[in-house]
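K.L.:
Heads up: the sequence lines are chains R and A, in that order. With this note's numbering applied, the first sequence covers 1 to 482. With this note's numbering applied, the second sequence covers 1001 to 1482. Glycine included, each C-beta is placed from N, C-alpha and C at the ideal position.
Number of protein chains: 2
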Amino acid sequence: MAKDKEFVKEITPQSEDFSRWYIDVIKKADLMDYSPVRGCIVFKPDGYELWEACQRELDRRFKETGHRNAYFPLLIPESFFQKEKEHVEGFNPELPWVTQIGDDPLEERLAVRPTSETIIGYMYSQWVQSYRDLPILINQWANVVRWEKRTLPFLRTSEFLWQEGHTAHATQQEAEEETTRMLGVYTDFCENVLAIPVIQGQKTPSEKFPGAVATYSLEAMMKDGKALQAATSHYLGDNFARGFDIQFLDRDNERKYAYTTSWGMTTRIIGAVIMVHGDDRGLQLPPRIAITQVMVIPIGPAKTRERVLPVAQDLVKVIKDAGVRVGIDASEDNSPGWKFNEYEMRGVPVRLEVGPRDLDQHQVVLVRRDTGEKEIVPIDQVANRVPDLLEEIQQAMFDRAKGYLQEHTKPAMTIEEIHTLVREQKSFALAGWCGDDACEAKVKEETGASSRNIPFAPPTTMTSCVVCQNEAKHTVWFARAY
Amino acid sequence: MAKDKEFVKEITPQSEDFSRWYIDVIKKADLMDYSPVRGCIVFKPDGYELWEACQRELDRRFKETGHRNAYFPLLIPESFFQKEKEHVEGFNPELPWVTQIGDDPLEERLAVRPTSETIIGYMYSQWVQSYRDLPILINQWANVVRWEKRTLPFLRTSEFLWQEGHTAHATQQEAEEETTRMLGVYTDFCENVLAIPVIQGQKTPSEKFPGAVATYSLEAMMKDGKALQAATSHYLGDNFARGFDIQFLDRDNERKYAYTTSWGMTTRIIGAVIMVHGDDRGLQLPPRIAITQVMVIPIGPAKTRERVLPVAQDLVKVIKDAGVRVGIDASEDNSPGWKFNEYEMRGVPVRLEVGPRDLDQHQVVLVRRDTGEKEIVPIDQVANRVPDLLEEIQQAMFDRAKGYLQEHTKPAMTIEEIHTLVREQKSFALAGWCGDDACEAKVKEETGASSRNIPFAPPTTMTSCVVCQNEAKHTVWFARAY
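Structure (structure tokens):
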């Protein structure tokens, strides 16, 4: 892969300007490039590999929970969008329309899919006749387009990559269980693979998916205190089943509408990994998602190279055989110091240094990316120690992010308190809400914070609405959000 | 997955109507469904799994040859198509144009990508400054759209899935080597994974990729004697480099244009697997691509079920531990006979039958899908025998397809002979060609056979043009084609 040999400026410190820090890091780590198509990015190999790692982990979990992959058409006839009223209103302004093939106009416009409930709903109506045809448990890996006004690499792009699960069930209960199950799968993935703690909860009506009965989300906290919606799982009731006529003959010989769900996670999760774990030196990748988990760097004067290099190469083999993704940078073009900085910037969890003095003492040095701690390990212990160390780092990164989240989540009794929390203290604000859209809108207007979700397990239950002070129906997380 | 419980008619015999046989098989094996979008199909889970298996095998080979995956935008500005003249003329009639976002017209139309040379060429021009930035070796897994007038599931659909490799090199020689290398990777995949023998060669100028200097192809023979282009690899010279200004400063301090290549394989390869190996009983999947390689089916009267089932389940475990993809159908809804037919139709390479009498004799029966041969194997030998048997089947399927190809490839001295070969003998015709487009066109006009490629290793060298009888410059395969 071509390396950017231009002068790359230093990374702006997070404390100085978090947004510039983010752009500096993703450019310097060569994860993406801007494209000539408005709001669309190029996923460069180092960025795309992160998505491939996410795909592998998610795909395995989807299959373990009984889902299979399929693929549905990209282009969706305009009439399909009319069949679910909220859905068309929600997506219409962002839809790219194909109106011509070559020089010939199309009879019916085709939308580039923003999501696939409509076309999949139509197909399910063809496939479902009897209760024996249910459930249908399908996932699709695909690209989707939503023409966004304000875009930010990975976090909000006009085209993005995602997976969208679409299931149909004979009963409401089964569909609701599916919605919950998949929120659990996403939680497991975020917390145990990406080391990102998440808050599970339900979206308020104004924030739910257009056409859903209920939307559940995972909300994660970035290091600037903003929220990022990491995944959503929608219980669609029979809304789409009625729109597309997904009916089946039940055991009791009655024709009924199916209950459907959908759930998705997108390439924006790459942005979350960067913003949760990154620091002023650059990326910091949790070991389970890191493409290279350990980088071996031979050190010492040139004349010792002949002695050190074969040992370094043996170590690569030994570490690889221990099931670890390991690389080596033995190039003579760059100094060890340059390499240390480079792989720290790229977020490699562990660096292994080996030089002539280490050989004399039958040892190597392991350096953690997360804490900078150095550890001297006997050469014959490397294969045992490295996998354990990676697990320790994985756990430490999660604990650190969890601690950060806990320190930055506080209750608020008034709009002013929300304002202070989200604007000055980089925090989420937990507040009571009466259930009135107007009160929710007022919080946003006055603080810039939107309702994130109504948590399943709030740390405290708030009793009065943060706006009107009437009795609270819900306890809600408010935060500024990506 | 929902099963189609409707009455599914018998499979039309290949000899009666090959096209109907093909559609019957893919519908009955539940590989696809027609979609409401013209010319686009739904890849159902059983069909999509075949593509996933192809992806795994190809992706590994691409990475082993030094390539990395990336992702570029779906929508391509109209002006990009103007930069390579042949390219725009070749693709323009099939391009879907996005002209509006929501209700607002776009200033510049955006094409839904038919292939990505243009947008990738533009990006490479940004990334390449020096010879040190070369080569760039990138592959993309993506969907593309080409609005086809006549479509056929998998083989020719308006939207299809594929991979497209795009590389840039400092020298012509290196780019040409890359083109050849990737044709070799495809050949390895087709022959050793899909058990499909292929003919390597170069396309004639009228059949080459719009904008390429040279297009190389793999041509495979379907059981009806038609050709299917299994993969292409294009040497693009500096055509796209000049169009998009991919220039670099070389070692000698001169600015030069890069040389580029592209190469692709699509979901049409699924159709090839079906048409090369399938028979009147249905699919026949080569073991290396089969999702289920062995299906275990307990047999015998209901009262023996308690004895047989635990053994069958143990066998599943033992076979799985031997690294084989194995399933079991122990359902009581269907008879063993029904199951035998079902998994034969679905192309599972080996069936394992186990019943009470087998238990008495500590044995099972293995049945090959390809030959129908039965083999009695002692239970404690199953884990050893099954992997070997799968390899034997893989090899036998390739040999059988290779034999078929050899029997159906013959030289032709006249247009009439080509006509007879391709129309009556289900064959490819090897013929001399003077190099004149008009002679090539005349063959097509009079026989329906197009030039497939100029083989690297023709079985015979033809000396006079099959049309004008002047001296032949090339020896060409002609065939009717999908």
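Here's a check: name, in chain order, each residue in its chain whose Cβ is nearer than 8 Å to the Cβ of Asp1017 (chain A), leaving out the five neighbours to either side.
P.N.:
none
K.L.:
If you compare alpha carbons, which of A:Asp1333, A:Gly1121, A:Gly1323 and A:Ala1312 is closest to Arg1351 (chain A)?
P.N.:
A:Ala1312
K.L.:
What does the alpha-carbon distance come out to for the pair Thr409 (chain R) and Ala1070 (chain A)?
P.N.:
37 Å
K.L.:
To the nearest angstrom, how far is the alpha carbon of Lys339 (chain R) from that of Leu315 (chain R)?
P.N.:
18 Å
K.L.:
Report the partner residues of Pro153 (chain R) according to the DSSP bridge assignment.
P.N.:
None, per the DSSP bridge assignment.
K.L.:
Do Phe1244 (chain A) and Lys1028 (chain A) have their C-beta atoms within less than 8 Å of each other?
P.N.:
no
K.L.:
Give the straight-line distance between the Cα atoms of Glu1107 (chain A) and Phe91 (chain R), rounded to the nearest whole angstrom.
P.N.:
21 Å
K.L.:
Please determine, among R:Val467, R:Asp46, R:Ser19 and R:Lys149, the residue with the shortest C-alpha to C-alpha distance to Met32 (chain R).
P.N.:
Closest option to Met32 (chain R), judged by alpha-carbon separation, among R:Val467, R:Asp46, R:Ser19 and R:Lys149: R:Asp46.
K.L.:
Just grab the DSSP bridge partners of Phe1478 (chain A) for me.
P.N.:
A:Ala1429 and A:Ser1451
K.L.:
Taking three-plus beta-carbon pairs below 8 Å as touching, is the segment 427-441 of chain R in contact with the segment 461-476 of chain R?
P.N.:
yes
K.L.:
Quick check on Leu1074 (chain A) - is its C-beta less than 8 Å from some C-beta in chain R?
P.N.:
At least one chain R Cβ lies under 8 Å of Leu1074 (chain A).
K.L.:
Measuring CB to CB, does Gly39 (chain R) end up less than 8 Å from Thr115 (chain R)?
P.N.:
no
K.L.:
On the DSSP bridge assignment, give the partners of His169 (chain R) in chain order.
P.N.:
R:Tyr259
K.L.:
What is the DSSP secondary structure of Cys1465 (chain A), reduced to helix, strand or coil?
P.N.:
strand
K.L.:
Does the contact criterion of 3 or more C-beta pairs under 8 Å hold for the segment 384-393 of chain R versus the segment 177-192 of chain R?
P.N.:
No, because fewer than three Cβ pairs between the segment 384-393 of chain R and the segment 177-192 of chain R fall closer than 8 Å, the two stretches do not touch.
K.L.:
Return the CA-CA distance between Ser538 (chain R) and Glu424 (chain R), expressed in angstroms with no decimal places.
P.N.:
Since the displayed chain R opens at 1 and closes at 482, residue 538 (chain R) lies outside it and no answer follows.
K.L.:
Quick one: Cα of Glu417 (chain R) to Cα of Lys226 (chain R), how far?
P.N.:
16 Å
K.L.:
Using the three-state DSSP reduction, which class does Asn1139 (chain A) fall into: helix, strand or coil?
P.N.:
Asn1139 (chain A) falls in the strand class under three-state DSSP.
K.L.:
If you check the beta carbons only, do Thr167 (chain R) and Thr260 (chain R) fall under 8 Å apart?
P.N.:
Remark: C-beta atoms of Thr167 (chain R) and Thr260 (chain R) approach each other more closely than 8 Å.
K.L.:
On the CB-based measure, 16 or more other CB atoms within 10 Å of its CB, does Lys1203 (chain A) come out buried or exposed?
P.N.:
Buried: at least 16 other Cβ atoms inside 10 Å.
K.L.:
Can you check whether the C-beta of Lys1085 (chain A) is within less than 8 Å of a C-beta belonging to chain R?
P.N.:
no
K.L.:
Exposed or buried, which one is Asp1552 (chain A) when buried takes at least 16 other CB atoms within 10 Å?
P.N.:
In this structure chain A extends from 1001 to 1482, so residue 1552 (chain A) is not present and cannot be described.
K.L.:
Check whether the segment 1301-1308 of chain A and the segment 1053-1066 of chain A are in contact - that is, three or more C-beta pairs closer than 8 Å.
P.N.:
With fewer than three CB-CB distances shorter than 8 Å, the segment 1301-1308 of chain A does not count as touching the segment 1053-1066 of chain A.
K.L.:
Contact between the segment 275-283 of chain R and the segment 213-224 of chain R is defined here as three or more beta-carbon pairs at a separation below 8 Å; is this criterion met?
P.N.:
At 8 Å Cβ cutoff, the stretches touch.
K.L.:
What's the C-alpha gap between Ser464 (chain R) and Glu471 (chain R)?
P.N.:
5 Å
K.L.:
When the Cα of Glu52 (chain R) is compared with those of A:Leu1050, A:Arg1056, A:Val1296 and A:Glu1049, which residue comes out closest?
P.N.:
A:Arg1056
K.L.:
Name the chain A residues that come within less than 8 Å of Cys54 (chain R), Cβ to Cβ?
P.N.:
Result: empty, since nearest Cβ-Cβ is about 13 Å, beyond 8 Å.
K.L.:
In the structure shown, what three-state DSSP assignment does Arg1299 (chain A) receive?
P.N.:
Looking at the sequence provided, one finds Ile at residue 1299 (chain A) rather than Arg. Coil, per DSSP.
K.L.:
If the cut is a Cβ gap below 7 Å, which residues of chain R does Leu1161 (chain A) touch?
P.N.:
Tyr71
K.L.:
For Gly1237 (chain A) versus Ile1454 (chain A), is the C-beta spacing smaller than 8 Å?
P.N.:
Taking 8 Å as the Cβ cut-off, Gly1237 (chain A) and Ile1454 (chain A) do not qualify as a contacting pair.
K.L.:
Using DSSP's beta-bridge definition, name the partner residues of Arg68 (chain R).
P.N.:
R:Ile138
K.L.:
If you measure from the beta carbon of Cys1040 (chain A) to each beta carbon in chain R, is any gap under 8 Å?
P.N.:
At least one beta carbon of chain R lies nearer than 8 Å to the beta carbon of Cys1040 (chain A).
K.L.:
Mark Ser79 (chain R) as exposed unless 16 or more other C-beta atoms lie within 10 angstroms of its C-beta, in which case mark it buried.
P.N.:
exposed
K.L.:
Which runs of the alpha helix (DSSP H) spanning at least 4 residues fall entirely within the segment 44-124 of chain R, listed in chain order?
P.N.:
45-64, 78-81 and 85-91
K.L.:
What residues in its chain sit with their C-beta under 6 Å from that of Asp24 (chain R), if we drop five residues either side in the sequence?
P.N.:
Ile11 and Thr12
K.L.:
Using DSSP with H/G/I as helix, E/B as strand and the rest coil, what is Val969 (chain A)?
P.N.:
Because chain A here runs from 1001 to 1482, residue 969 (chain A) falls outside it and cannot be looked at.
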